[in-house]
Structure formats: structure tokens, C-alpha cells
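Working notes for the structure below.
This is the structure in C-alpha cells:
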């Protein structure tokens, strides 16, 4: 029933992505345009992401809480840049309980305003700081062009919100969380990242500074999937987040917010998958190994028993493993697990029982390795590590080969249009950047993290600047 | 700052509840009327509940997924009883992205309709069944009278949704999940439960049968905090959830749905807490033990080092423990942990160091036990078990003492108004039950699970019936 072919990346990258998502049963379209159903297999990836990140957040002292979905209009209007940034894309509740509401309610597009209303009640003294809160929640942004995981009207994310005594404390936390995302991306998602400060044109509505985690997709376009904002006192002032310092003087807090969303699953798919379907790095794979019975005839019991035994041994090693004993042809089974990106498939049939060895099939290169029964757990762990590492290296090679330097503006436009990133100096003037984007569709992803002293010549204006930036097309 | 006294239960039970919630910093009011902020301490309880239940669900084969918050009006209108039940309390989005929407969108009050729209696409063959799906999500029901955790406009819950080949399969799953909730209530929340079928008047809008988990609060009122519904084919028909059976004949699926919400935290609070504040059973306590330093003067280092050592030993035993080394008076510290319901407080100061023994303070009876250093982990585990067990026994005693049998209707009204449950035979006629509720405020909580054969005389009508039911006032 799910046997339509997957479009090749070279033919139509966008259609290939939709095919991979659909064939791996990661998501479905919701009934309201632009919404998404996250199917069990896709949601299992999100659960792994939640577990890893939640632990990392808590290790830095963050605790979870939950704030309301509904924001009264008056609250969202309190911070001028913020409301301007978000008002075009909010969903508004006007009726409830059978009546027209006196005040319109906004469905949260992000929760700074509703959370800082609470923070103003919770923060009294320097002793209450730093306040380190996170929530896992759904948010709604009314988008016109949507794509599963990448851009949906409703999405799942976590949003962290902190208050500090000093601007340095806030900046430190902003960078700390940026690095948590970078570590997660590289060491779990096997995605090499580019991190750096956003330009004025691209920063979060209401932030002092925004830092982002960007990655290069296989088509050479950039995908931003995590951000960390130093909000300064832009929200603490209108929201009255104040504390008494050690000298008993009233001060406004310094704040941060930071988030990663189900968009990251889109990146995971677009960085690693191939023309056969989904590819998942083992650390993010809900199932790392499928044990598949093949050519089951008269010795069914022995094959099934051995399958169960291997299953048990792998479970003991904390490997996420499943068995597939269904009465289907080997081809049907192989096809399914390939499309679902299970890192290793172990085949076991009559011949394997006879020779006391199984075949390990590696999803990323299709290689087959014979492994004797007693070596299975050891070899499984080795191969999973190797796949994790190879996926990262492949992605890094792809990315490094596609970050270009150029001589002039025309060359830059040419390279980006060919599916490359360009790393060059840029003045980062807001109006110039906006004009570039309008004329060419090119965006500045972020400013490279440097010592901030080395100067270069702006590729667009010829003026001297310290900002070295990544130009790219983006999702 | 948080030093207002807690109202006594006898004076005003409702105000007592609000005081306990506020003093323990479990929740705050949201900016939109009826919404709730779940503060970190309250949310930590919810996280424990999620972990326990999620594991139990998965052990029965259930997998998680996520479905959209937004339901188009046409979908919610598909099942007649369902829309009638929910339409008075839904919140409606009419505008989004700066435009008036062509079709109104309902913010999910529950997700049967939006989920079964997906199920109709996922279910094709008997091989796809049973389909066992759960989601953890927020839902919105516009309530006029609200109370933290007990009844809020938005709340968090899980909702399980399954499809089966037969009505027996659906009924079995309905009861299986009811028993998961019962087990969780009794063995983790230490709350004795009353479970049974709901009457026609009280069942879920759209269900064939509803079963509920009810518990008695300390004021003798009932609180329902989990339900399990056998939906029959009431939804599969309008939503076209069909499958081909083994004979290749098209059949409608048999469905269930079941859920538990943050309301359960309200029950947890109302069953165990006392006039000093929150009381938590150890299995649900985010912090099971606080080690509190007292009389820290010249031997500060020794006291702090010993505190750290004890902390480490308890962590190794998987006990959730925290230290309180703050420079506050012992009284201030004791007061805070008492209000927050930490099951055991361990005090350590100069004298304790000298005698190589600490004092264990038991939150539920205030008893103090001297424990030598080397006995700390063993005694800690023992006392936690003992507190868990005692809380259950206390609640059971309270409940059993307040379930009355009566001779006639007037006596029943009298007993219930005194804060008791009454267990009597009742005809369960819908109109009679509705009239009782209008006249007296009394509700039928559920029908006792019996062999269904024993007959008795309806306490209201004098007619013979097999339904033995629990009458009570309820939240």
C-alpha cells in the first residue's frame, strides 16, 4: 500500500523530502491546513530528543514548568518589537463558552510575555536569581507555506526562560544553551553545525542578541533549528521583572530565552537520508536494530527461538532492538526497514542457524558482514558507533566542500545559487541585508564566532568590517 | 513573603486547599481567567506521574504520537452526542494570520474527532489492529467555576485511543486501562479508589460505556480524575474507521479512549495534606528527603561535608534528595519543607556530628527518630516505605468510615450532606438521576463492579435493580 517510489534527490529535492517523510511514516497532514500529525515513528524520535535535552538542561540547573497556551492581547502588546514581529502570524480566539470574549486571546506563538508576567511575581530578591525555567509545549504560528517538521502552523518545542542579576550572567547563559544545542546536534544528531550571532535584520523580535544553530542540508540550503536569545532588559522593563540587589536597591533583571523545535527532526531527515529513504544516526533511532527472520520453513521454531535469544542479548546491552517475524517475503521486510532508516538489520534464517552466524546489513552503505553468534553484541555496538561516526563525517565533508570564498558579489550570488554557503565579510547593515534578500533570496545565516578584531572588506559595500558571515539560501 | 497562615480544614476546606497549593508553590493563576501556571514544584509531580504512566502504557503495547491542537468545526460536528456534550465549553479561533478564517477552528477539548480522522487513513486491514495510540497534550474546556488543578480552562493530560476488531477487544482494553489507573492511584499516589461504570446520565458524550476512577477527598466529596471509555462503533461509523477482516469483508472498528489529567494532582493534594500544608506520598514526591543544616557556627565545614556525604549515599540508593545549607534559622527551613510536604527531613548540626547520628523528622506524624550515620540509607528507605504505606492506610480508613448504607432517601440526602458517600441500589434512570442532581446537588459517582446478578431495591423508586451505586457530592 505504501509502495510508490521515492523521488530521487537530484530530480526534485523537495519532493524527495516529502516522500521520505511519508514512506517512513513520520508524519501526516492535519485537518486544518498547515498542521501536522506526528505519527508514532516520528514522535519516538522527538521523545529521544526530549530525553537527551531535558537531562542536559537539568544538569545546568534548569527546572520545568508549564504556562498557559492563551495570552491576553494586552500582554502580547507590551513589548513593541515583539508584537510587531509576531502579530502577522498569530491565531486569535474570539469566542469561548458560547460567548464573544471581552478581550481577544492569542494562542501562544512563543511565551515570553505570558511567562514574564509570572516572573514579575516570582522574582523579588537577588536570592531568587538566577531563575532557570523551561517548558515543553506546543506553539502556533500561522504560516502560509508549510512543510512537515520544517514549517508547520503548530509545532512542538521547548522554550527556556531565565533571569539573571547582570548582563554578563545573561550572555553567559545564552551561550551556554547555544552550546548545549551544538553538542546535541553534533554528538547525537550527527549534524555538524554552524553557530553564531544573528544580524540585526534576522534577530528575534525583542532580543538584544540572537544566536542560532544552523546546518547545511544536502541541497546546500541552510536550516536554522535552534536559537538562543540574550533579551537584555527589553522584557524585564515592560513586564516589571525586578529584584532587590544586595544593597537593597531595585534592579531590572537580565533575561534570556532559548528553544529547539520539531524542526530539528526535519534537519535530521534532510542531512542524512538517501534515495532509498530515511537514514537515522543510531543515537536518534527509535529502533537501532531489526532482527529479521528469513526463509522460515520447517525449522521455524529454531529460527524464532534464536531470534528471541539474540533480541534478549541486545536488549541487555541497552540497544533499542525489535524483531520482525512476520510472514512476508524477505524483500518486503528489507524494503520496509530500509525506508524507515533502521541503522542495522540482522538477517536470520536456515543457513544462519546452520553456520551459527548471522548477517549484519548496514543501512548507510548496504554492506553485509557475517558475524558469529557469540560476537553479536560486541559487533552490534561497534557497528552502531561506526555508523554514528560515519554519518557525522559524511555530513561534515558535504558541508565543508560547500562553504566557498569568493572574489566579488556576482560570484557570491552565483555560488549560493549553485547550492553553496559563502563565508565572507559583510557590513551587516539592516537595510542593505533586506535589499539583498529581496533581490536575490539570499540570507545571512549568522556571524562567524571570531575574536571580533580581525577586519575585512564587506563583499557588498567595500567598507571595512569585523563581521565575517555565512550567506546562504535557507528553509 | 509567603508567611500567611494556612486556613484550617475544619474552618474552610476550600480555602485550605487554595492555601496549601499556594504555600507549596504548586501553581499560580494565569493571565486569562481560569487558566493556571503550573509552577516547577507542581510540574515536577506531573513529570513523575508522566514517567510512571508512560512506562505502564508502553508495557501494554501503546505508542505515543501527537495530533493537532486545532479541530475544524466540521469534524467536531460529526458525532452528534459528542458535539452536544462539548460545544458549550469550546474555545473558537476565528482569525489567524491577520485574516478572518473561512471555517471556524475549535481548540481541542478532547481529540476523538481529530484523531479518528487520522485513524481512518491508517487502518486498512485486521493486520493493523489493535491500533494502540496515546498522546500527552494540553486541552481546553471553557469552565466558569475554576480551581487550581481541579478544574481549569486549560489542562494537561494524556489521552489514549485504540481500535480493535471486536467489541470484546474494546471492552477488554477499556477495563485494562481503568486498572492501570487504579494501580497507579493506589500504589503510587497512595489513594484508595472506587472504580466502576458511569450511569447513562454521567457517561462521556459519545461513549457506549464510561468507567471512572473516583476517590474520596478529606471533606467526603468525590473527585473523578481518570476515565476509560468503550466507544463501541459510535465514532468509527461517522469517521469511517474501517478494516478488511480475515474474510476480506469490510468492518467498522471498535474503539476506546482513556485519560488522566493534572486533576489527579488535585486529588493527591486533597487526600493527603494537613493543616500544616502539603503532604506527598514518597513515590510522588519530587524531593523525598531534605537534608537541613542547623546551628552552623564554627564547625561549618564539617557539617557541610557530612551533609554532602549523606546526600551522596542517599543518591546512590536512588532516593530523590536535596540539601538545604542556606543561612536561615532552623525554624524558617523546617517551616518551608513542612509546607512543601517533603516526606523526611534530616537535620544535621554540631551535636549530630559529635554523636555521629542525625534526626529523621517524619512529615506525616512529626515524629523524630535518631539514626546513626551508618544506618542512614537503610532507615531512609524503610521510613519512605512506611510513610507511603501509612498514607494509603490513613486514606483508606477515612474512606471506609465514610461510605454509609441507609434506610431511605431522606437518610441518604442527610448522610451525603454530612460529607459521606452512600452505597445503595439505584435504578439509574437518566431523568430520575438528573432530577436528583437538580434538587439536591447529589451525583451518582459510578456503579459498583459486581457480578451484575444480585438484585436490590432502588433507594429512590423502590423498584428492583442490579445497580448498586455510590452517591456523593462531587468536585
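Residue numbers (our numbering), protein chains in the order written: chain Y, 1 to 475; chain A, 476 to 950.
From the three backbone atoms N, C-alpha and C, an ideal C-beta is built for every residue, glycine too.
Since the model is a prediction, treat every value here as computed from it, not as a measurement.
Contact set for residue 812 of chain A: own chain, Cβ-Cβ below 6 Å, skip 5 residues either direction
Closer than 6 Å at Cβ, skipping near neighbours: 765, 820.
Contact set between residue 491 of chain Y and chain A, taken where Cβ atoms lie within less than 8 Å:
The requested residue 491 of chain Y does not occur in the structure, where chain Y is confined to residues 1 to 475.
Any chance you could list the alpha helix (DSSP H) runs of at least 4 consecutive residues sitting entirely within the segment 317-366 of chain Y, in chain order?
330-339, 350-355
Own chain residues within Cβ distance below 7 Å of residue 377 of chain Y, not counting five before or after
Once the five neighbours on either side are set aside, the close Cβ partners of residue 377 of chain Y are 313, 314, 317.
CB of residue 447 of chain Y within 8 Å of CB of residue 467 of chain Y, strictly:
yes
Note down the Cα distance separating residue 602 of chain A from residue 42 of chain Y, rounded to an integer number of angstroms.
21 Å
Whose C-beta lies closer than 6 Å to the C-beta of residue 373 of chain Y among residues of the same chain, with five residues either side of it excluded?
Excluding sequence neighbours, residue 373 of chain Y sits near 356.
Under a Cβ-count criterion, where at least 16 other Cβ atoms within 10 Å of its own Cβ denotes burial, should residue 476 of chain Y be classed as buried or exposed?
An answer regarding residue 476 of chain Y cannot be provided, because it is not within the stretch 1 to 475 covered by chain Y.
Interface residues of chain A around residue 121 of chain Y at Cβ under 8 Å?
503
Kindly list the residues whose CB is nearer than 6 Å to the CB of residue 631 of chain A, restricted to its own chain and excluding five residues on each side of it in sequence; keep chain order.
613, 737
Report the residue from A:488, A:528, A:511, A:541 whose alpha carbon sits nearest the alpha carbon of residue 29 of chain Y.
Nearest Cα to residue 29 of chain Y within the set A:488, A:528, A:511, A:541: A:541.
Rounded to whole angstroms, what's the CA-CA distance from residue 125 of chain Y to residue 693 of chain A? Just pull it up for me.
37 Å
Determine the direct distance from the alpha carbon of residue 546 of chain A to that of residue 105 of chain Y, and round the result to whole angstroms.
17 Å
Quick check on the DSSP output: the alpha helix (DSSP H) that includes residue 503 of chain A runs from which residue to which?
Counting along the chain, residue 503 of chain A falls outside any alpha helix (DSSP H), though it belongs to the beta strand (DSSP E) covering 502-504.
Please name the residue in Y:331, Y:136, Y:257, Y:286 whose C-alpha comes closest to that of residue 161 of chain Y.
Y:257
Cβ atoms of residue 859 of chain A and residue 763 of chain A: under 8 Å apart, would you say?
In contact: residue 763 of chain A and residue 859 of chain A (Cβ atoms closer than 8 Å).
Spatial distance of residue 228 of chain Y from residue 174 of chain Y (CA atoms)
6 Å
At a threshold of 7 Å, does residue 656 of chain A count as lining the ligand GDP (C-beta to nearest heavy atom)?
Questions concerning the ligand GDP fall outside what the structure shown contains, since it holds no ligand whatsoever.
Within 8 Å (strictly less), CB to CB, does residue 551 of chain A reach chain Y?
no
Would you call residue 102 of chain Y buried or exposed, if buried means 16 or more other Cβ atoms sit within 10 Å of its Cβ?
When all chains shown are included, residue 102 of chain Y counts as exposed.
Can you check whether the C-beta of residue 572 of chain A is within less than 8 Å of a C-beta belonging to chain Y?
yes
Got a sec? Which residues, its chain only, sit under 7 Å from residue 15 of chain Y by beta carbon, not counting five neighbours each side?
Contacts found: 7.
Nearest to residue 556 of chain A by CA position, among A:904, A:619, A:678, is which residue?
Closest option to residue 556 of chain A, Cα to Cα, is A:678.
So that I know if they touch, is there some Cβ in chain Y lying closer than 8 Å to that of residue 540 of chain A?
So yes, residue 540 of chain A belongs to the interface.
In chain A, which residues lie with their C-beta within 9 Å of the C-beta of residue 43 of chain Y?
538, 539, 540, 541, 610
If we call anything under 8 Å between Cβ atoms a contact, is residue 211 of chain Y one with residue 264 of chain Y?
no
Mind listing the chain Y neighbours of residue 554 of chain A? Cutoff is C-beta to C-beta under 7 Å, in chain order.
Within 7 Å Cβ-Cβ: nothing; residue 554 of chain A doesn't reach chain Y, min ~15 Å.
According to DSSP, is residue 560 of chain A part of a helix, a strand, or is it coil?
helix
In chain Y, which residues lie with their C-beta within 7 Å of the C-beta of residue 510 of chain A?
68, 70
CA-CA distance, residue 361 of chain Y and residue 532 of chain A?
32 Å
Taking 8 Å as the CB-CB limit, is residue 156 of chain Y close to chain A?
yes
For residue 597 of chain A and residue 12 of chain Y, the rounded distance between their alpha carbons:
27 Å
Hey, how far is the Cα of residue 325 of chain Y from the Cα of residue 306 of chain Y?
Looking at the two C-alpha atoms, the distance is approximately 12 Å.
Whether residue 412 of chain Y touches residue 459 of chain Y by CB criterion (8 Å):
yes
Grab me the residues of residue 705 of chain A's own chain with a C-beta within less than 7 Å of its C-beta, minus the 5 sequence neighbours each way, in chain order.
For residue 705 of chain A, where only same-chain residues beyond five positions count, the Cβ hits under 7 Å are 645, 646, 649, 682, 683, 684, 731.
Leaving out five residues on either side along the sequence, give the residues of the same chain with a beta carbon under 6 Å from the beta carbon of residue 478 of chain Y.
In the structure as shown, chain Y begins at 1 and stops at 475. Residue 478 of chain Y is therefore absent and cannot be evaluated.
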